[in-house]
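Counting from 1, position 188 in the sequence shown corresponds to residue 355 in our numbering; the numbering is continuous, with no gaps.
Where a beta carbon is used, it is the ideal one built from N, C-alpha and C, also for glycine.
Only a predicted model underlies this, so the values are computations on that prediction, with no experimental measurement involved.
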Amino acid sequence: MVIILLALVLVPLVTGFALVGGGRWPRAVGETSAFAAAALAAAATTALAVVVSIQRPDFDRQWVPSLGLRFHLGVDGISIPLIVLTAAIGLLAVLHRRVDDRSGSDATYFGCLLIVVGGALLGFLARDAILFFIAFEMVLVPMWVLIAVFGDQRDRENTRRAALMFVLYTVLGSTLMLAGILALVLAAGTADLTELARGVSLSAPQQTAIAAMLLAGFAVKVPLWPLHSWLPAAHTAAPTGGSMLLAAVLLKLGTYGVVRLLVAPLREGWQTLAPLVGVLAVIGIVWAGLVCLVEPSLKRLIAYSSVAHMGVVMLALATGTELGLKAALFGNISHGLISALLFAVVGGLKQRWHDDRLDVPREAVRDVSPRLGFALLFGLAASLGLPPLAGFWSELLTLLAAWQPASDRTLFKVLAAVAAIGAVLGAAYALRVARTVWGGSSDRSERVVPEPAPWRDVSALEWLVIATLILAIAMLGVWPTGLLDLMAPAVDQSGAIR
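What follows is the structure, encoded as structure tokens:
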């Protein structure tokens, strides 16, 4: 079983680096060969993720004895859903590449995708704080390549600017996070996440100082308002597969880090910062909702909706309760599936429209591409929290947790009420998109005819990707107990829960 655990990380990483190296010689590694290698690696990774989730192996070896660091990999109810999500989204992103407008070397593209998947898996498997940081940083360069090299070819200047902004924000956040991790590890005398979860013996001011550094670093990755401005730019420029991974997987490294390195180890420091986190999260929910009401770019609109959804997750974590932690972890998975679906659909629309503008009159998607139109409506319904889809449970559990965090914390009741306004805004901008895109322009004389015409509906491979996400969102919404029960033992063992 230990071999399977190591293979879960090594298969995507080794294949990814091999494809990136092969990308220098496009004739030696053709498009079909690169796709076949990437698809096989992604499928194997998904299968390994399922096996690891069932068997729950553990690998622990000395790494740097002089520093007390260990190469420790393991899983529990908190990491298992994220591991399966990462592997599955990686496979779907690879498959979706075949229906994208492609530029550059497919081998390099697939290689970068797999390195991102492997790095994220290493992060979710890491049971050592330093190893987690290394995995956290591993995804930076390949994600930058996906945005800068394979991003929107129609506006290269904005694409380069978005890639640069992504790097600068991430490096700034990582610097603060590294300082916080080193301070935490030195104070605790260990980098083992299991030991850290039992709490560290520091005064409240010391805990608060370390927690503030860690929070600043993770807030960039989540992202938490007002450190979110890199995300809409990155999503707008990124290729569809890159956006799927960025929203569904990479943002979750931020919230996962908060759970592992803040909520449990620094419970007093986290409780001190929690009201501020809750306020910033709710501001982000409302702010992003208001922007979505007027944003003319569909892809950018979906990116801002991610800011709102991750604000819901951070509000749940800020409550510091068992219900809040479950709501946040559930919200991670539901948002991952919903955002991947929406970016896959928007990527298909952008490919057919040759832009993603909502202010351009067009023919109704329901008429020219019924299956794509259905997928759009389904994704919007899940995003706004319509029951019984997955998005409903994360929002409901978060509002319940915020309403009853503790008898002496009335601020969270106010935050719950304001966050509910975000749900109303979500419904408003979802209806705006549905009316504009699914319904189309009412004036036929103003409609823009996409080139080349006529439209084609989704291909079999594109529909496989979309239908898989639709099925997962529906299943998670109809049967949320399965995921909640899986997380319960790990959540119950967290000493941070009041």
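Three-state class that DSSP yields for residue i in the structure shown
| i | result |
| --- | --- |
| A586 | helix |
| V458 | helix |
| S550 | helix |
| A666 | Summary: the structure shown does not reach residue 666, with the chain confined to residues 168 through 665, and so no result is reported for it. |
| G190 | Annotation note: pLDDT 48 at G190 (below 50); position unreliable, coordinate value reported separately. The answer is coil: DSSP assigns G190 none of H, G, I, E or B. |
| W646 | coil |
| R228 | strand |
| D659 | helix |
| S341 | helix |
| R524 | strand |
| R529 | strand |
| D243 | coil |
| R538 | helix |
| W392 | coil |
| F317 | coil |
| G366 | coil |
| R577 | This sequence places Thr at residue 577; Arg is not what is there. Three-state result, T577: coil. |
| T403 | helix |
| Q518 | helix |
Integer Cβ distance of residue i from residue j, believed to fall under 8 Å
| i | j | result |
| --- | --- | --- |
| L556 | A549 | 4 Å |
| T439 | A569 | Not really, about 18 Å apart at Cβ, beyond 8 Å. |
| W630 | A531 | Contact flag wrong, Cβ pair sits at about 19 Å. |
| P406 | G318 | 6 Å |
| F303 | L420 | 6 Å |
| L240 | L172 | 6 Å |
| T213 | A174 | Not really, about 12 Å apart at Cβ, beyond 8 Å. |
| V479 | S561 | 6 Å |
| I245 | A657 | 5 Å |
| P442 | L525 | So it is not a contact: roughly 37 Å between Cβ atoms. |
Euclidean distance between Cα positions of residue i and residue j
| i | j | result |
| --- | --- | --- |
| A507 | L544 | 14 Å |
| G340 | V512 | 31 Å |
| W392 | A383 | 11 Å |
| Q229 | D359 | 12 Å |
| G498 | L547 | 16 Å |
| Y596 | A386 | 25 Å |
| G366 | D225 | 22 Å |
| Q374 | D534 | 58 Å |
| R321 | L643 | 37 Å |
| A494 | M481 | 10 Å |
| I301 | L249 | 18 Å |
| V251 | P179 | 14 Å |
| A655 | R602 | 40 Å |
| D243 | D295 | 14 Å |
| V416 | G503 | 7 Å |
| V426 | G290 | 13 Å |
| T635 | F541 | 14 Å |
| T182 | S368 | 43 Å |
| T326 | D523 | 15 Å |
| A147 | A583 | This structure does not reach residue 147, given that the chain is present from 168 up to 665, and the question cannot be answered. |
| A210 | R529 | 38 Å |
| T403 | S233 | 45 Å |
Cβ neighbours of residue i in the same chain (closer than 8 Å, five flanking residues each side left out)
| i | result |
| --- | --- |
| D659 | E489 |
| W311 | A330, F333, V334 |
| T357 | G235, L363 |
| L186 | V196, A201, A204, A205, A274, T275, F277, G278, L281 |
For residue i: DSSP bridge partner residues
| i | result |
| --- | --- |
| F545 | Answer is none; F545 lacks a bridge partner. |
| L236 | V231 |
| S464 | R524 |
| D359 | D295 |
Spatial neighbours of residue i in its chain, beta-carbon cut-off 6 Å, leaving aside the 5 residues before and after
| i | result |
| --- | --- |
| A400 | A329, M332 |
| V632 | L259, L262, H263, A511 |
| H476 | H502 |
| A350 | I377 |
Near the ligand COA: residue i beta-carbon under 7 Å from a heavy atom
| i | result |
| --- | --- |
| G244 | The ligand COA is absent from the structure shown, which contains no ligands of any kind. |
Own chain, CB closer than 7 Å to residue i, minus 5 neighbours either side, in chain order
| i | result |
| --- | --- |
| L447 | L391, W392 |
| W454 | W392 |
| E435 | A371, Q374 |
| L651 | K493, F497 |
| V458 | Y471 |
| R599 | L460 |
| A216 | L175, I250, V251, A254 |
| I452 | A475, G478, V479, A586, G589 |
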